[in-house]
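Here's the structure, in structure tokens; my notes come after.
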Amino acid sequence: QDSSFGHDEL
Amino acid sequence: MNIFRLCGDLSHLLAILLLLVKIWKTRSCAGISGKSQILFAIVYTTRYLDLFTSFVSIYNSVMKIVFLSASYGTLYLMFYKFKPTYDHNHDSFRILYLIVPALVLSFVIVHAYTLMEVLWTYSIYLEAVAIMPQLFMVSRTGEAETITSHYLFALGSYRALYILNWIYRYYTEDFLDLIVIIAGIVQTILYCDFFYLYITKVLKGKRLSLP
Numbered sequence: 053q054d055s056s057f058g059h060d061e062l
Numbered sequence: 117m118n119i120f121r122l123c124g125d126l127s128h129l130l131a132i133l134l135l136l137v138k139i140w141k142t143r144s145c146a147g148i149s150g151k152s153q154i155l156f157a158i159v160y161t162t163r164y165l166d167l168f169t170s171f172v173s174i175y176n177s178v179m180k181i182v183f184l185s186a187s188y189g190t191l192y193l194m195f196y197k198f199k200p201t202y203d204h205n206h207d208s209f210r211i212l213y214l215i216v217p218a219l220v221l222s223f224v225i226v227h228a229y230t231l232m233e234v235l236w237t238y239s240i241y242l243e244a245v246a247i248m249p250q251l252f253m254v255s256r257t258g259e260a261e262t263i264t265s266h267y268l269f270a271l272g273s274y275r276a277l278y279i280l281n282w283i284y285r286y287y288t289e290d291f292l293d294l295i296v297i298i299a300g301i302v303q304t305i306l307y308c309d310f311f312y313l314y315i316t317k318v319l320k321g322k323r324l325s326l327p
């Protein structure tokens, strides 16, 4: 599972 | 990526570089809150740890590295190279009052209980209030240099532009991340008073001074 939760912004 | 986010990022980048160049050129960090800069360094560090775990794009990675380096570069200039010019008497905001509640909140309201996610959430909450020591300093001294005002305006505009980006993303991608959106709104509201002074004074060529 992607632990970064898919945050694609800065 | 949309135009609002791109402009937001560029505004953010401009703010950070403006501050760095200002301190370097004037050889002074007078009027700048070291405490806000410490908070921003914590924000970037806790948020961009994902440089090592997830890759979004070259653009994202490069910006993260630039933000991190510029932030630590600013701390180096303020607390080492130009330390004698640091106005610590006026920089008296208690940052523990921001650090601790943001930490508690990031354990209470968070998408998932993983280390990276809690740290990311913490960075979002802390960023929302990180400018408070700087605004407090401006209110204590009653004025800000014009270049410092430009810095604050660019830094405040960045999250305001991100709000437009989230509205756009909600309609085009069904993107809805309430944590970042509400924190972003709080962050932008904190700047409103300053925005008003900036538009009514600084843009008319006057120095920003409080009545």
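Each protein sequence line maps, in turn, to chains G and W. 53 is the number of the first residue of the first sequence in this note's numbering; add one for each residue after it. 117 is the number of the first residue of the second sequence in this note's numbering; add one for each residue after it. C-beta: ideal position from N, C-alpha, C; glycine also.
What does residue i reach in chain G if we use C-beta pairs closer than 9 Å?
i, result
"Met-179 of chain W", "Leu-62"
"Asn-176 of chain W", "Asp-60, Glu-61, Leu-62"
Which of the three DSSP states, helix, strand or coil, is assigned to residue i?
i, result
"Leu-324 of chain W", "strand"
"Glu-61 of chain G", "coil"
"Ala-228 of chain W", "coil"
"Glu-259 of chain W", "strand"
"Phe-291 of chain W", "coil"
"Ala-270 of chain W", "helix"
"Ser-149 of chain W", "coil"
"Gln-53 of chain G", "Annotation note: pLDDT 38 at Gln-53 of chain G (below 50); position unreliable, coordinate value reported separately. Reduced to three states, the DSSP call for Gln-53 of chain G is coil."
"Ile-174 of chain W", "helix"
"Lys-197 of chain W", "helix"
"Arg-210 of chain W", "coil"
"Ser-144 of chain W", "coil"
"Tyr-202 of chain W", "coil"
"Asn-118 of chain W", "coil"
"Thr-237 of chain W", "helix"
"Tyr-247 of chain W", "According to the sequence as given, residue 247 of chain W is Ile; it is not Tyr. The answer is coil: DSSP assigns Ile-247 of chain W none of H, G, I, E or B."
"Phe-156 of chain W", "helix"
"Lys-138 of chain W", "helix"
"Lys-180 of chain W", "helix"
"Thr-161 of chain W", "helix"
"Phe-223 of chain W", "helix"
Under 8 Å, do residue i and residue j count as touching if we go by C-beta distance?
i, j, result
"Thr-190 of chain W", "Leu-277 of chain W", "no"
"Leu-239 of chain W", "Thr-304 of chain W", "With the sequence shown as reference, residue 239 of chain W is identified as Ser, and Leu is not the correct amino acid for it. Contact: no."
"Val-159 of chain W", "Leu-242 of chain W", "yes"
"Gly-124 of chain W", "Thr-264 of chain W", "no"
"Leu-326 of chain W", "Ser-255 of chain W", "yes"
"His-227 of chain W", "Ile-295 of chain W", "yes"
"Lys-322 of chain W", "Leu-62 of chain G", "no"
"Tyr-307 of chain W", "Asn-118 of chain W", "no"
"Arg-143 of chain W", "Phe-198 of chain W", "yes"
"Leu-302 of chain W", "Ala-244 of chain W", "The residue asked about is misnamed: residue 302 of chain W is Val in this sequence, not Leu. Contact flag set, yes."
Return yes when the C-beta of residue i is under 7 Å from any heavy atom of the ligand NAP, and no when it is not.
i, result
"Thr-201 of chain W", "Among the ligands in the structure shown, none appear at all, so the ligand NAP cannot be discussed."
Is there a Cβ of chain A sitting closer than 8 Å to that of residue i, yes or no?
i, result
"Ile-279 of chain W", "Although the question refers to chain A, the structure presented lacks it and instead comprises the protein chains G and W."
Does the stretch 195-210 of chain W come within contact of the stretch 149-160 of chain W, defined as at least 3 CB pairs closer than 8 Å?
-> Output reads yes: the stretch 149-160 of chain W touches the stretch 195-210 of chain W.
Within 8 Å of chain G by C-beta, residues of the stretch 117-137 of chain W in sequence order | Arg-121, Asp-125, His-128
Proximal residues, the stretch 162-173 of chain W versus chain G, C-beta separation under 7 Å = Of all residues in the stretch 162-173 of chain W, the ones placed with a Cβ closer than 7 Å to any Cβ belonging to chain G are Asp-166, Thr-169, Ser-170, Val-172, in chain order.
Segment contact flag, the stretch 269-287 of chain W with the stretch 120-135 of chain W, C-beta cutoff 8 Å, min 3 pairs = Enough Cβ pairs lie closer than 8 Å, so yes.
With contact counted as at least three CB pairs below 8 Å, one residue from each stretch, are the stretch 179-195 of chain W and the stretch 214-221 of chain W in contact?
-> In this structure the stretch 179-195 of chain W does not lie against the stretch 214-221 of chain W, because fewer than three pairs of beta carbons, one per stretch, are closer than 8 Å.
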